[in-house]
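Data block below; observations after.
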């Protein structure tokens, strides 16, 4: 939780819009909390019996180490977490990691499998919209963004999603 909390000041921009991880100003991160959290993760992992909290902490650690996140490693960590917590939200997070790793087709198959369980869950529709956008499916992406915006829990999230919906397609290369 320390690592997640350490990024809290960078999560919302001055305009009140949610800032995605890759675009956060790392100078706003609390390095002391990050370092403390990384030390705690190292200690916990030395026990060689990680539970769900340790795995979630390891995922958070992947987000803050280096210039870019190691999405392949994050997918593997979500695989481990799924064995302990086989929930729809963990499967959704794994699908997002697949998308970020560039594995778009497996990500879409994962999201399609979650459609019934997460039909009223805003992050599902936001993830689906982003993936469809990357796949070049503009009309479907627009529909998914509209649903995500309607389900947004905060003005910051709704504004962020509107910005994402209005940008040009981001297709895989």
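Residue numbers (the numbering used here): 103 to 275. Every residue gets a Cβ at the ideal spot worked out from N, C-alpha and C, and that includes glycine. Bear in mind the structure is a predicted one, so any value in this text is a computation, not a measurement.
What separation, rounded to the nearest whole angstrom, lies between the Cα atoms of residue 231 and residue 224? 11 Å
Using a Cβ-Cβ cut-off of 8 Å (strictly less than) and excluding sequence neighbours within five positions of residue 114, which residues of its own chain qualify? The residues are 120, 121 and 258.
Which residue or residues does DSSP assign as beta-bridge partners of residue 120? For residue 120, which the question treats as bridged, DSSP gives the partners 114.
Kindly list the residues whose CB is nearer than 8 Å to the CB of residue 181, restricted to its own chain and excluding five residues on each side of it in sequence; keep chain order. Taken in chain order, the residues that qualify are 196.
Residue 188 by DSSP, collapsed to three states: which one? The three-state secondary structure of residue 188, taken from DSSP, is coil.
Extent of the continuous alpha helix (DSSP H) to which residue 265 belongs: 257-268
Assuming residue 106 and residue 146 make a contact with CB atoms under 8 Å, what is their CB distance in whole Å? Contact doesn't hold; Cβ gap of about 15 Å is too wide.
Within this structure, are the beta carbons of residue 139 and residue 108 separated by less than 8 Å? Taking 8 Å as the cut-off, the Cβ atoms of residue 139 and residue 108 count as close.
With distance defined between alpha-carbon atoms, name the residue in 187, 188, 190 and 201 nearest to residue 176. 201
Please determine, among 193, 157 and 199, the residue with the shortest C-alpha to C-alpha distance to residue 124. Cα-wise, what sits closest to residue 124 is 199.
Closest residue to residue 158 among 227, 148 and 192 (Cα-Cα distance): Among 227, 148 and 192, the Cα nearest to that of residue 158 belongs to 192.
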